[in-house]
């Protein structure tokens with residue numbers, strides 16, 4: 006995992022690029038919140054074909070993902086599968 010999430014959780018300089026005064030004991034997130042413990046990331050997926058596409062655009066779009074709701078949630082397994 007990389008990108009803005011990790012850069013926001015574990016930063017080493019202030020907004021003006023000055024070094025943090027006490028990097029080892031700092032657990033602030035975005036200069037306001039304090040991180041207690043370890044962060045936990047949860048992924049919620051949406052099923053395909055959960056939104057409406059106008060008939061004139063259907064030939065151009067093979068996938069359509071609507072906004073997340075519990076009814077649209079994709080509960081299928083994600084990633085590599087090990088067949089045992």
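Residue numbers (the numbering used here): 6 to 89. Each residue gets a CB set at the ideal place from its N, CA and C atoms; glycine is no exception. Everything numeric in this text was worked out from a predicted model, so none of it was measured.
How should residue i be labelled, buried or exposed, when 16 other C-beta atoms within 10 angstroms of its C-beta is the threshold for buried?
i: residue 28; result: Confidence is the limiting factor: at residue 28 the pLDDT is only 48, short of 50, which leaves the residue's position unreliable and the question unanswerable from this model.
Among the options, which has the Cα closest to the Cα of residue i?
i: residue 68; options: 51, 75, 74, 76; result: 51
i: residue 49; options: 71, 57, 56, 20; result: 71
i: residue 53; options: 46, 73, 42, 59; result: 73
Would you please state the rounded distance, in angstroms, between the beta carbons of residue i and residue j? I believe it to be under 8 angstroms.
i: residue 85; j: residue 44; result: Wrong, their Cβ atoms sit about 24 angstroms apart, outside the cutoff.
For the region 80-87 and the region 55-72, state whether three or more C-beta atom pairs, one from each stretch, are separated by less than 8 angstroms.
-> no
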